[in-house]
Every structure is written in C-alpha cells, then in structure tokens.
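Numbered by our numbering, the letters in the sequence shown go through residues 123 to 363 in order. The beta-carbon is built from N, C-alpha and C at its ideal position, and this holds for glycine as well. As the structure is a computational prediction, the values presented were derived from the model and not from experiment.
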Amino acid sequence: MSKISQLQEIITNSDNIVFFGGAGVSTESGIPDFRSESGIFKSLEKYGDTPENLVSHSYYIDHTEEFFEYYKENLIFEDATPNPAHLKLAELEKSGKIKAVITQNIDGLHQKAGSKNVLELHGSVHRNYCQICSKEYDLKYILESDGIPKCECGGIIKPDVVLYEEPLNNNILSLSIDYIQNANTLIIGGTSLVVYPAAGLINYFNGENLILINKSETPYDNLATLVINDAIGEVFSQIKI
Ligand code: ZN
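Structure follows, in structure tokens:
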C-alpha cells in the first residue's frame, strides 16, 4: 500500500485527530521560514543580526523601530492564501474528524481556510494591542503605520506574537497538551521537531497513530506509525473526505 493510501485509511477510520503544524505548513503559501538558511543570510546582511535576535523581546525593547522594520518586512505576508493543507484540515474539522489545529505559525491561514478551533502557540500577526490602553488594532493598521505603530493614546502597539525570550501563553499551551493527550491520531506536519515547544508536545501523545509529514527526516521518525517525506500541501491534496 502506498503511503498516501495508508494516510487515507488512518484518516477514514479516525474521528479524533489533532493536527500540529510548523513553518513548513505555510511555505507552500509562499511564506518563507525566516529562520531558514536564506532567512539568516538576509537578516545578517541587512541588520547585522540573526532572526532570533531581531524578533527577541530585548531587541523589541531596545531597538523598537528596527524591530518593526524587520517584522513588517519578514514576518508579515498580507496577500498569502491558504494552500491545500490548510483547506483540507478545515474540511476535516467540519466533518468532525479533526478536533483541533495546533500551530506554531502566526499568519492566520488556518482561520482564513475555515478552521475554527486553532491554537496559535506563537500568537498571530492579526491581533495587535496598545501597550498602555490595550486597544486592539488589525494588521492593516500596523502595515500602514510609518515606523513604530502608535495608538491614538500615544502608546506603542505590540503585535500579539510570542517573541524570543517571552513565555508561551499558558492557557493555549495547556489546551494543546489536553488535545494531544486525548487524541487518537496525531498528525504532525511541516516541522523538523527539534525546537521547543514542538519537541516537548509530542511526548504527551498516547494515541494509536502518530503521523509525521515533513520534507526532511525528524528525530521522531522511528516512533511514528507513518512517515511521509513530502510537501504537506502536496500530500493533503490527495486525501479524500
Ligand atoms: Zn492606547
């Protein structure tokens, strides 16, 4: 049986699936991973610093203007649209098979595709709050602001995105753990599973089928029921509901 047929069979027979995705889920929507090799090269060349440092809490505090310049240029892709992976996951939720989508991405593409129960571990570029009065602003406002986005009260508007050195939202993290612990099937896609929190979350899974879909191998391949080394949109476009 081909790997796609195996995946199809597992999905057909499972009604309690949780999906956990990383940057690779959005690359087929034209959103490059800013921590990739070319992302690092670009940031070193233009800003003399690594992507991790440029989107860190201390950089945001000490170099707010440069932070927003880098952020707007490298982390926001306003015109990106959902790819077949986002769309199929939304359909699987609608049919009752998928209980939650847990994502490390901040682009909001799962919601754009129609998914309702999306747990955004690293926040979203679509939510932004004034640091003084907490007023909420949309992405358009951030993009249209010159330099540092400011609230009408004068406060700086901070994206609801988890920066390096900042803790994850505890509610979202514990909800994610709950879903993973109770899932029968866990599909992990577009992540090499080497960085926190992905690597930690997988350990909570006790269910029947662990499926890994990633272009390259991961340290967890030997634990998986099924490993597919391919682009995730390509894989999901072949799945029928
Ligand atoms: Zn304000």
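In this structure, G277 has its CB closer than 6 Å to one or more heavy atoms of ligand 1.
Across the structure, A321 and D268 are spaced so that their CA atoms are roughly 38 Å apart. By the neighbour-count criterion, in which 16 or more other beta carbons inside 10 Å mark a residue as buried, S148 falls on the buried side. It is roughly 13 Å from the alpha-carbon of F142 to the alpha-carbon of Y318. Distance from the CA atom of I354 to the CA atom of C275, rounded to whole angstroms, is 44 Å. Membership of L348 in the beta strand (DSSP E) is indicated by the continuous run L348 to I350. Judged by the Cβ position, I254 qualifies as a neighbour of ligand 1 at the 6 Å threshold, a heavy atom of the ligand being closer than this.
DSSP lists V140 as the beta-bridge partner residues of A222.
In the DSSP assignment, S178 is bridged to Y286.
If you draw a 10 Å sphere on the C-beta of C255, you find fewer than 16 other C-beta atoms in it, and that means exposed. Of all C-beta pairs linking the region 291-307 to the region 128-141, three or more are shorter than 8 Å, placing the two stretches in contact.
Out of I363, N331 and I310, the CA that lies nearest to the CA of P341 is found in I310. Around the beta-carbon of V177, 16 or more other beta-carbon atoms lie within 10 Å, marking it buried. A residue is called buried once 16 or more other Cβ atoms fall within 10 Å of its Cβ, and N250 is buried on that count.
For L308, the enclosing beta strand (DSSP E) starts and ends at T307 to G311. Taking the Cβ atoms as the reference, I264 lies roughly 10 Å from I270, outside the contact range of under 8 Å. Distances between the C-beta of K257 and the heavy atoms of ligand 1 include at least one below 6 Å. For the beta strand (DSSP E) assignment, the uninterrupted runs of no fewer than 3 residues enclosed by the region 234-265 are, from N- to C-terminal side, 240-242 and 245-252. By the Cβ criterion, the region 123-135 is not in contact with the region 291-299, since fewer than three pairs of Cβ atoms, one from each stretch, lie closer than 8 Å. Within the same chain, I224, T225, Q226, V284, L290, N291, I294, L295, S298 and P319 come within 8 Å of L243 by CB-CB distance, once the 5 residues on both sides are set aside. Per the coordinates, the alpha-carbon of E288 lies some 15 Å from the alpha-carbon of Q253. Pairing I183 with V247 gives a Cβ-Cβ distance that is not under 7 Å. Take the alpha-carbon of D155 and the one of N351: they are about 18 Å apart. Put simply, of S217, N135, A235 and N325 the residue whose alpha carbon is nearest the alpha carbon of A202 is A235.
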